[in-house]
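Worksheet: the structure to be examined is printed underneath.
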Amino acid sequence: MGGFAIVALITLAVGFTGWQGSSKLKEDIDEVGSSNLPIIYNSLSMKASLTAVKAALRTLLSQGLSAEEHERQYARIAGAGTKLTGR
167 MGGFAIVALI TLAVGFTGWQ GSSKLKEDID EVGSSNLPII YNSLSMKASL TAVKAALRTL
227 LSQGLSAEEH ERQYARIAGA GTKLTGR
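Numbering-wise, our numbering puts 227 at position 61 of the sequence shown, and it's gapless, one number per residue.
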């Protein structure tokens, strides 16, 4: 009977530890979803906009571009800036 009680207490301790870990994990997952994911999304959006600006600037450095192509690249830069600032 004493061995059964010891095993029951060990099982209870392991179960309680698992339950506490599960509760903490839920809190951490909620924090990631509410604060960290928007930051990651905005960082990736910023990276995409800056890549578009970089490509447009490199195109503008090319010799022999028509005025129309220059305007198109300036429009790409302005569009990326609008995405970055939200205005």
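Glycine residues also receive a C-beta, built at the ideal position from the N, C-alpha and C atoms.
Alpha carbon to alpha carbon, what distance is there between I206 and L250? 14 Å
Is it the case that the region 208-218 contacts the region 239-250, given that we only count it when at least three CB pairs across the two stretches are under 8 Å? yes
Is the beta carbon of I243 closer than 7 Å to that of A221? no
In angstroms with no decimal places, state the Cα-to-Cα distance between R224 and H236. 11 Å
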